[in-house]
Amino acid sequence: MGSCDSDEKTETPGPEEQESITISEVQFVNEFILPAATVFENTTVGGLSGIDYANNTWYMISDAPNAPHFYTAAIALNQDGISAVTITSVNNFKDATGTPLETGITDPEAIRFADGNVLWTSEGNMNNLIDPSVRIAALDGTIRNEITLPERYKATESSAFGPRHNGVFEGLSLSYDGNGYWVSMELPLKQDGEEPTLKDTEAPVRIAYIDKATNTFGKEIAYELDAVARPALLGTTFELNGVVEILSYGENKFLVVERSFSTGYADGGNTVKIYKVDATNATDVSTLETLKGATYTKATKTLLFDFEIVRDQLTENMVDNIEGITFGPILENGNRSLVLVADNNFSAFIPQLNQFILLEILN
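Under the working numbering, the residue at position 211 of the sequence shown is numbered 214, and the numbers go up by one with no gaps.
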């Protein structure tokens, strides 16, 4: 069957325009690989750490080591799969004077289209005491506003308080009611818990609500991370697990993508799972400076999809470094699509992929 370009489909309404989405299960449709050698307007397309779909346009943020930027794209897909990904523009993030942000001061991780702008996060650099950020930019990349951060999310030299390096604002979603945003830590704050290990640990991450009327943080909920999925091999020792993206689909309901990574594996070492998360009864922990020893109720989680079940259908049996997820257009059969993207890290050491994965939501 022929493919159908997303820009020919009926516009998918945003959360504020539709009933709560029912998600019973999802099924794998296909994988599409954008070649690592793809160049667009003097940029090598890669490091795709976030993706969003709105107004028949796809937005993808890159964590390239050069000037931070985002792409727009057209993705040809139908219920048989993705058949093409075409980059249509690239925009550097710029300050109010139009000067591109300098290299090294941001680490872009997530992007969402919001009210005619793009909302995006940076993890900053805890080792260099550069704060993380949540910023609003025009579609040409010019920064228009920045969210005010509570102290607990700012870079600090403290070994007992604050964010961990590379463990900050990895997940981002519009709130389902359209009145704000949700942002997620990748790893626990130092004062909240330990980093996941192969053993069960107390490793809660905060998912925080941002009121877009005031650009300030509000309610926060705690979400418990899984243990690391696999031990590092071949004499290596690096192991981690964290939240890489969130997606609101109803009041107090989210899809949360967890990615575990361990070195020494020919298949890349990633274990990726999507959870359905219900925060209806979760405690607002925004007033708790530390979660260690505190009494509170975490959000509940239910496994929705484990990419291990489709590993043998993927290129080189590789579940790559998946970091982005978005609702896509409605498919011809009436079901909603989910599209995920992997960050290839511009890796020169092990093969990594600009991997796009299409899932279909079954109600």
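By construction, the Cβ of each residue, glycine as well, lies at the ideal position given by its N, Cα and C atoms.
Residue i classed as buried or exposed, judged by whether at least 16 other C-beta atoms fall within 10 angstroms
i: T124; result: buried
i: P354; result: exposed
i: Y184; result: buried
i: G144; result: buried
i: N94; result: buried
i: E242; result: buried
i: R115; result: buried
i: Y299; result: exposed
i: E311; result: exposed
i: G119; result: exposed
i: A140; result: buried
i: A269; result: exposed
i: R209; result: buried
i: K202; result: exposed
i: A163; result: exposed
i: P234; result: exposed
i: N58; result: exposed
i: G196; result: buried
i: N324; result: buried
i: S23; result: exposed
i: S161; result: exposed
Through-space distance from residue j to residue i, alpha-carbon basis
i: N320; j: T200; result: 25 Å
i: T25; j: T100; result: 44 Å
i: L142; j: A297; result: 42 Å
i: L236; j: E205; result: 24 Å
i: Y226; j: P68; result: 30 Å
i: N357; j: P153; result: 34 Å
i: G53; j: D134; result: 20 Å
i: F330; j: E28; result: 14 Å
i: F220; j: T290; result: 11 Å
i: I150; j: G253; result: 23 Å
i: G107; j: S65; result: 13 Å
i: L132; j: D346; result: 24 Å
i: P207; j: G267; result: 27 Å
i: D309; j: G127; result: 30 Å
i: A285; j: V313; result: 32 Å
i: Y56; j: T303; result: 27 Å
i: V259; j: N45; result: 34 Å
i: D10; j: A113; result: The pLDDT assigned to D10 is 37, lower than 50, so where the model puts this residue is not dependable, and the model offers no usable value.
i: N348; j: A216; result: 35 Å
i: S350; j: N148; result: 33 Å
i: A230; j: I328; result: 22 Å
i: T305; j: E198; result: 21 Å
i: V344; j: K295; result: 34 Å
Limits of the unbroken beta strand (DSSP E) element including residue i
i: K222; result: T219 to E227
i: G245; result: E242 to G253
i: L365; result: N357 to L365
i: F116; result: P111 to A117
i: N95; result: G84 to N95
i: R209; result: P207 to D214
i: N81; result: H72 to N81
i: T60; result: T60 to S65
Cutoff 7 Å; reference residue i; Cβ partners in own chain excluding five residues on either side
i: L361; result: V32, N33, L80, G84, I85, S340 and V342
i: L365; result: S27, E28, V29, Q30 and N338
i: P111; result: S52, I64, S65, D66, P71, W123 and S125
i: L317; result: E34
i: T293; result: Q194 and D195
i: G170; result: M188, E189, L190 and G245
i: V186; result: T124, V137, F172, G174, L175, A211 and I213
i: D281; result: N255, K256, A302 and T303
i: T239; result: T266 and G267
Contacts around residue i, its chain only, beta-carbon distance under 6 Å, and the 5 residues preceding and following it disregarded
i: A232; result: S263 and T274
i: A87; result: A79
i: D214; result: G183 and G221
i: L334; result: Q82 and S340
i: V322; result: N273, V275, F310 and R314
Close Cβ partners of residue i (< 8 Å) along its chain, the five nearest in sequence each way excluded
i: I90; result: T41, F43, V48, Y74, T75 and A76
i: G165; result: M129, R155, Y156, K157, A158, T159, L192, K193 and Q194
i: A70; result: N95, F96, P103, L104, E105 and T106
i: K223; result: Here residue 223 turns out to be Glu, not Lys, going by the sequence shown. Closer than 8 Å at Cβ, skipping near neighbours: R209, I210, A211, Y212, D287, V288 and S289.
Interface flag, residue i vs chain D, CB-CB below 8 Å
i: T102; result: Protein chain content of the structure displayed is limited to a single chain, and chain D is not contained in it.
My parser needs the beta strand (DSSP E) runs of 3 or more residues fully inside the region 120-184; what are they?
You should have 120-125, 136-140, 146-149 and 172-177.
Can you give, in chain order, each stretch of the alpha helix (DSSP H) that sits fully within the region 261-320 and has at least 4 residues?
none
Whole beta strand (DSSP E) elements within the region 20-51, 3-residue minimum
With a minimum length of 3 residues, the continuous beta strand (DSSP E) runs that stay inside the region 20-51 are 28-37.
My parser needs the beta strand (DSSP E) runs of 3 or more residues fully inside the region 327-358; what are they?
339-345
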